[in-house]
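Heads up: the structure comes next, in structure tokens.
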Amino acid sequence: MDSIGVLMACPMSSYLEQELEKRFHLFKFWQVTQKPQFLKEHSGSIRAVVGNAMAGADAELIEALPKLEIVASYSVGLDKVDLGKCREKGIRVTNTPDVLTEDVADLAIGLCLAVLRRICASDKYVRSGKWKKGDFKLTTKFTGKTVGIIGLGRIGTAVAKRAEAFDCPISYYSRTMKPDCKYKYYPSVVELASNCHILIVACPLTLETHHIINREVIDALGPKGVLINIGRGPHVDEPELVSALVEGRLGGAGLDVFEQEPEVPEELFGLENVVLLPHVGSGTVETRNAMADLVIGNLEAHFMNKPLLTPVV
Amino acid sequence: MKMRRHDLPQLLVINPPGLFDYGDPFAAKFTVLRAWESPLPLPRFLSAHAQSAPALLCSAATRVTAGLLDLLPSLRIIVTTSAGLNHIDVPECRRRGIAVANAGEVFSDDVADAAVGLALDVLRRVSAADRFVRRGLWAKDGDFALGSKQLVGKRVGIVGLGSIGLQVAKRLEAFGCPVSYNSRTKKPSVSYTFYANVYELAANSDILIICCALTEQTRHMIGKSVLLALGKDGIIINVGRGAIIDEKELVQSLVWGEIRGSGLDVFENEPNVPEELLSLDNVVLSPHVAAFTEESFQDLTELMIANLEAFFSNKPLITPVMDKQ
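This is how it looks when you write it as structure tokens:
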């Protein structure tokens, strides 16, 4: 199979690179200086693209690769893949669901606790020597707080299950109400935000959910409310979020994703009611290996004419 | 009819308030004798002003010894704002017929939340990653180095399955963690695996969480052998008391990589923290705040007042300190 060309969109995992190199002819797109020339030269041999949350296969790239048969994403989110174009051209698309569900849900709760209980800020307080001069302050209890979840899919459900163990009443917004669901449904994000203390974004990024967290939602969440984003940066109108936090109109935020990663608004750096993470939702050794294995498994299955493991298209 | 100030029962407070403020709710119901505000040395103050005081409100900072009790001949009840009782000579109080009430379970949820928060932070390197972002390193150096470990499936070992330990167990079960414990006695009502000693528990755990009280038996219970049994992939979380762990051995284990990491809310000599820990990325340090939220202090105020009012109306205390087996 080592004559099959696989284009990796950006650096994502050295383990995955190694495994791909063992099986295919791997091209590393980020090392290419003259991209149009490269694509002309190699378009005849590139039959697969491997992307992730940062870079995938947009219409332009798909058009430039006439031999493209499959896009295997090292992520569960597919907002960087032009799914319509893939369907049109009969290109298969796979992602990495389930293997990362628990880690992302764990991190959502970790962010809730870090923000409400000021874990990062109090660690800094100790390291800076301030504890010798006086006590830290009272923080906000997490147990029993109302949690609102946007998107009750695999990840949203896993977040809810964990929050329930802290006696948090759970409510949610979804495109449609889920039958047989014990959690309270709200038909709009603003209503959900008005009725919860902590709002967690756990839905896919689509045209409809772009900036689903806007000024109106932030106002509804209010000066004691906390936003946790484990979805995608563009779910949130970032300038609105920043000004709300700086002005005290929003109580706090735990953010794993940003609109222009790896850029993070510097106005947030001085705030102790925010926790800022560099997109590590699925970032454990175990899960990243499992994700890589799924990418390899899907590609091998495709090129051996076997059923794909986790197809979306 | 509103009681006049000097008709309100006397409530003695010896140490100045810390984060818990003995303020308005108490002043409305009691004549509060604020010993720390007096220029007199304590024995003189008590002799002059507290001879008929029936009640003492104290934090863990007030040592209630036989010597102190000798200076308070009218004392009938002590309410302490902590769950722990190391600062009170309880047998001596019993001998003198002085009732003691503590904070009961008012802090259990918050301490359990803090324990879980620390465990998640250590495993997923939340504070380290937050520092990475704030230093501008994500844009400059690229992705945060992968080293975080998954929580799901990790074996949780709880030392002390009292009120706090049970709340920790309940939470971590929801994350898919099998739970086992060591306690003075096995609890027949729980289905978690019991280990007869801490060494066995550590050998069979990935995350060791200290939730027990500090007693003569538990002092330095976690030493070198227990830490080695926990092993280089193990982490230890302490929301009990600093002295339960041999701090020197813990620091060494962390510096030498004999255990993976640690989340510590308590230390042997607070507010001093061993220097070596201040530059480690695999530890999360917390200034003894696991119990301290606005809500728990509100609940604590109500509980302390409820205990005192119960006492003064000859009703049973809400959270009396019971004799332990």
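Taken in sequence, the protein lines are chains S and Y.
Start counting the first sequence at 34; every next residue gets the next number (this note's numbering).
Start counting the second sequence at 21; every next residue gets the next number (this note's numbering).
All residues carry an ideal CB built from backbone N, CA and C; glycine is no exception.
Listed in chain order, the beta strand (DSSP E) elements of length 3 or more contained wholly in the region 211–291 of chain S are 231–234, 259–262 and 285–288.
It is roughly 11 Å from the alpha-carbon of N217 (chain Y) to the alpha-carbon of I242 (chain Y). Annotated as distal: A121 (chain Y) and A103 (chain Y), with beta-carbon spacing of 8 Å or more. For the region 205–256 of chain Y, the continuous beta strand (DSSP E) assignments of 3+ residues that do not extend past its boundaries occur at 227–230, in sequence order. Counting C-beta pairs with one atom in each stretch, the region 139–154 of chain S and the region 114–131 of chain S have fewer than three that are closer than 8 Å, which means they do not touch. Residues of the region 128–139 of chain S whose Cβ lies closer than 7 Å to any Cβ of chain Y, in chain order: E135, D136 and D139. N289 (chain Y) counts as exposed, since fewer than 16 other beta carbons sit within 10 angstroms of its beta carbon. Chain S has no Cβ within less than 8 Å of the Cβ of G185 (chain Y).
In this structure, I183 (chain S) lies near V234 (chain S), with their beta-carbon atoms less than 8 Å apart. Taking a cut-off of 8 Å for Cβ pairs, the region 198–209 of chain S and the region 269–289 of chain S do not touch, as fewer than three such pairs fall below it.
Within the same chain, Q30, L31, L32, V33, H69, A70 and A73 come within 8 Å of L53 (chain Y) by CB-CB distance, once the 5 residues on both sides are set aside.
Listed along chain Y, the residues sitting closer than 7 Å to L171 (chain S) by beta-carbon distance are L39, F312, T313, E314 and F317. In its chain, beyond the 5 residues on either side, G281 have a beta carbon closer than 6 Å to the beta carbon of N302 (chain Y). Leaving aside the five residues that flank R248 (chain S) on each side, the residues in its chain whose CB is nearer than 6 Å to its CB run, in chain order, E273. When the Cα atoms are used, E52 (chain S) and N85 (chain S) turn out to be separated by approximately 16 Å.
In this structure, the straight-line span from the alpha carbon of L327 (chain S) to that of S46 (chain S) is close to 13 Å.
Close partners of C153 (chain S) in chain Y (Cβ separation under 7 Å): V146, S147 and D150. Looking at the backbone, the Cα of D44 (chain Y) and that of M324 (chain Y) are separated by about 13 Å. Secondary-structure assignment with DSSP links G283 (chain Y) through a beta bridge to Y:I257 and Y:V304. Between N224 (chain Y) and G177 (chain Y), the C-beta spacing is below 8 Å.
According to DSSP, residue pairing for Q30 (chain Y) in a beta bridge involves Y:T51. Between E193 (chain Y) and the set Y:I227, Y:F164 and Y:K207, the nearest pair of CA atoms involves Y:I227. DSSP places C119 (chain S) in the helix class (H, G or I) of the three-state scheme. Of S:F169, S:V148 and S:T173, the smallest CA-CA separation from Q318 (chain Y) is found for S:T173. When the alpha-carbon of V293 (chain Y) is set against those of S:I231, S:I103 and S:K166, the nearest one is in S:K166. Among the residues of chain Y, none has a CB under 9 Å from the CB of V222 (chain S); the nearest is roughly 26 Å distant. Sorting S:Q293, S:G281, S:F60 and S:G162 by C-alpha distance to the C-alpha of A81 (chain S) places S:F60 at the top. Against chain Y, the beta carbon of E319 (chain S) has neighbours under 8 Å at K169 and Q170, listed in chain order. Counting only runs of at least 4 residues, the region 39–86 of chain Y fully encloses the following alpha helix (DSSP H) elements, listed from N- to C-terminal order: 44–47 and 62–69. For the pair G177 (chain S) and E197 (chain S), the Cα-to-Cα distance works out to about 9 Å.
Collapsing the DSSP output to three states places I124 (chain S) in coil. A straight-line Cα-Cα distance of about 17 Å links L101 (chain S) and Y107 (chain S). For S47 (chain S), the enclosing alpha helix (DSSP H) covers residues S47 to R56. A direct Cα-Cα distance of roughly 17 Å separates K170 (chain S) from V259 (chain Y). In terms of Cβ geometry, I108 (chain Y) and I98 (chain Y) form a close pair [threshold 8 Å]. In the structure shown, L88 (chain Y) falls within a helical segment according to DSSP collapsed to helix, strand and coil.
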